[in-house]
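Here's the structure we're looking at; comments come further down.
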Amino acid sequence: MLLTAQDVTFHSDVAPIVFNHCTSCHRPGEIGPMPFTNYEEVAAYGEFIEYVTSIGYMPPWSPDASYSHFVGENVLTADQLETLSAWVGAGKPEGDPADSPGLPEFPDGSQIGIPDHVLVMDEPYAHEGDMSEQYQVFVLPSGFDSAASVRALEVQPGNHNVAHHAILGLDISGTASILDAADPAPGYESFGGFGFNAESSFFGAWVPGALPVEYPPGIGRTIPAGADVLLQMHYGPSAAGETDQTAVNVFLSNEPIEREVYTAIMGPQHLDAPFVIPPNQVTSFHGTLPVTADVSLLSIAPHCHLIGSSWKVYATSPNNGDTIPLISIPSWDFNWQGYFTFPHLTKVPEGYTLHGEATYDNTAENPFNPSDPPQWVYFGEETQDEMFFVFIDLVGYEDGDEEIALGPGTDVCEGDLTGDDLVGVSDALLLLSEFGCQVGCNLDLDGDNAVTVSDVLFLLGQYGTTCN
Ligand code: HEC
């Protein structure tokens, strides 16, 4: 659809973009610094919105959407960017409120149902109103006297004004409680991770607006008896003092776990060179990890600190004839690191090699460099240290895994694209009209923002369904 500047209005063209891609964070009580919930609020920032979207700064989505797709992908298409520009160029016309799609529903509380257990920070944490970024780990005793099979963990922030992102882990060693006891504040301060060698315990992450990943039936993770759930909260800068008391909702598996999710970790020991980063230069590292059995990947999370500048992770076949792209982050942003979940289980065959490439910009030109002048940088937990990790959640491969979707629970009638209450041939034809679309596609069914074979399979799975 080609829009000329005259046609573009807020209610018919801009509101559908802003409400769906921005308002989850930009509304009262959320992390976005200004609300975008109506014409006046959006028009007031029109030029700024055009600018931050044109440079890809907003919406925050660090993986390259032309390399691989993930659940919850939030990127704007070239058409959508053009619409925003055309609207600003035309003087931000309001148009007819009757054309507005209305604000989406933003549920309070759990987004996926009633949790089986709620683990809550035992006391509120006070975030100083000093515009500082704060990283605090809270220890939440699970209280489970036998091992629990879990299908989802959901972070429920107590104060969305300051809760910027969170990472989750498990500790059965008691180390985190000792660190907590030594820090007088609730929880303990730790910048990079959990403040001790707890890499193998990562259990996902949360960013505002993201739905928690629910494992498909038969797949899950175990929280061992007596384990502590670790919650590292990143609090964004705030000019006013705020308090937060975040909870973690635990959803138990409805059936026994047949396939336990395992986290494979590529770390500094898998690199081609010692992990040391000289000052005043850009340094790259390349890690490799052999794949010794057929596996299905669920999620992936590269992790480094502030001077990390880009990441690429992929798998290659033994003869290098086949490459499976996994994730590319062309411009790493420590503050928007995520745990990225594939739209479907992604097979990597036995005999393949996983590759992780990371680049670190340790020059004075890097505005995120914590050291001025740049220093020699070594592996460590502190702000001025660096890390190299790729966390890969996987299960053993089984036939048909490629068709198991990991996206949010899909409505049985999402395949009804034409709105005729039937999933049939007209829907299939409409879907094919957008086949091959790579970003921000209108007809995407499986939540990865692209229209590919997986959407066709999704539609075929519903074929013949009558909706109401
Ligand atoms: C996941 C949450 C989230 C989403 C989605 C999001 N924003 Fe933001 N936005 C933020 C946060 C947080 C900030 C504050 C700066 C930061 O932390 O990066 C921000 C800052 C901004 C700013 C101010 C930039 C500055 O430098 O002061 C603008 C303008 C903006 N966003 C526009 C948008 C638009 C337009 C969209 C949708 C296309 C959008 N945002 C989507 C969270 C979000």
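Its first residue numbered 5, the sequence shown is counted upward by one per residue in my numbering.
Cβ atoms here follow ideal geometry from the backbone N, Cα and C, with glycine treated the same way.
Please look up how many angstroms separate the CB atoms of residue i and residue j, rounded, as I've assumed it's under 8 Å.
i, j, result
"residue 191", "residue 142", "4 Å"
"residue 313", "residue 387", "The pair is not a contact, with the Cβ atoms about 16 Å apart (cut-off 8 Å)."
"residue 243", "residue 135", "6 Å"
"residue 160", "residue 253", "6 Å"
"residue 220", "residue 396", "Actually they do not touch by this definition, with Cβ atoms about 18 Å apart."
"residue 256", "residue 274", "With 8 Å as the limit, residue 256 and residue 274 do not qualify as a contact, their Cβ atoms being about 34 Å apart."
"residue 315", "residue 390", "In fact, because the Cβ distance is near 13 Å, the residues do not count as touching under 8 Å."
"residue 392", "residue 272", "5 Å"
"residue 339", "residue 238", "7 Å"
"residue 146", "residue 226", "Residue 146 to residue 226, Cβ: 11 Å. No contact."
"residue 218", "residue 116", "6 Å"
"residue 411", "residue 347", "6 Å"
By the three-class DSSP mapping on this structure, what secondary structure does residue i have?
i, result
"residue 383", "strand"
"residue 340", "helix"
"residue 91", "helix"
"residue 146", "coil"
"residue 414", "Below a pLDDT of 50, predicted positions are generally treated as unreliable, and residue 414, at 46, falls in that range; the measurement from the model is reported next regardless. Residue state, collapsed to three classes: coil."
"residue 457", "helix"
"residue 53", "helix"
"residue 158", "strand"
"residue 110", "coil"
"residue 122", "strand"
"residue 422", "coil"
"residue 168", "strand"
"residue 255", "strand"
"residue 207", "strand"
"residue 224", "strand"
"residue 101", "helix"
"residue 86", "helix"
"residue 285", "strand"
"residue 393", "strand"
"residue 322", "coil"
"residue 309", "coil"
"residue 373", "coil"
"residue 409", "strand"
"residue 272", "helix"
"residue 248", "strand"
So the candidates are the options; which of them puts its Cα closest to the Cα of residue i?
i, options, result
"residue 335", "371, 219, 323 and 442", "371"
"residue 258", "156, 407 and 109", "156"
"residue 319", "308, 310, 311 and 304", "304"
"residue 251", "29, 126, 462 and 282", "126"
"residue 365", "359, 283 and 301", "283"
"residue 180", "213, 129, 236 and 91", "236"
"residue 105", "23, 118 and 329", "23"
"residue 69", "56, 442, 459 and 470", "442"
"residue 385", "193, 84, 223 and 189", "193"
"residue 302", "289, 276, 343 and 270", "343"
"residue 40", "51, 52, 328 and 26", "26"
"residue 196", "215, 214, 211 and 170", "170"
"residue 260", "291, 405, 223 and 285", "223"
"residue 158", "434, 186, 60 and 121", "121"
"residue 56", "89, 382 and 295", "89"
"residue 188", "129, 150 and 206", "129"
Between the alpha carbons of residue i and residue j, how many angstroms are there, rounded?
i, j, result
"residue 439", "residue 419", "14 Å"
"residue 280", "residue 287", "9 Å"
"residue 71", "residue 455", "14 Å"
"residue 414", "residue 453", "Summary for residue 414: the model assigns pLDDT 46, below 50, so the residue's position carries little reliability, and this model does not support an answer."
"residue 148", "residue 234", "15 Å"
"residue 11", "residue 21", "16 Å"
"residue 425", "residue 431", "10 Å"
"residue 331", "residue 309", "18 Å"
"residue 78", "residue 448", "13 Å"
"residue 100", "residue 15", "6 Å"
"residue 35", "residue 468", "43 Å"
"residue 162", "residue 111", "14 Å"
"residue 87", "residue 114", "34 Å"
"residue 356", "residue 269", "16 Å"
"residue 354", "residue 461", "25 Å"
"residue 377", "residue 137", "22 Å"
"residue 328", "residue 375", "37 Å"
"residue 249", "residue 124", "7 Å"
"residue 42", "residue 54", "17 Å"
"residue 349", "residue 295", "16 Å"
"residue 247", "residue 33", "13 Å"
"residue 73", "residue 345", "9 Å"
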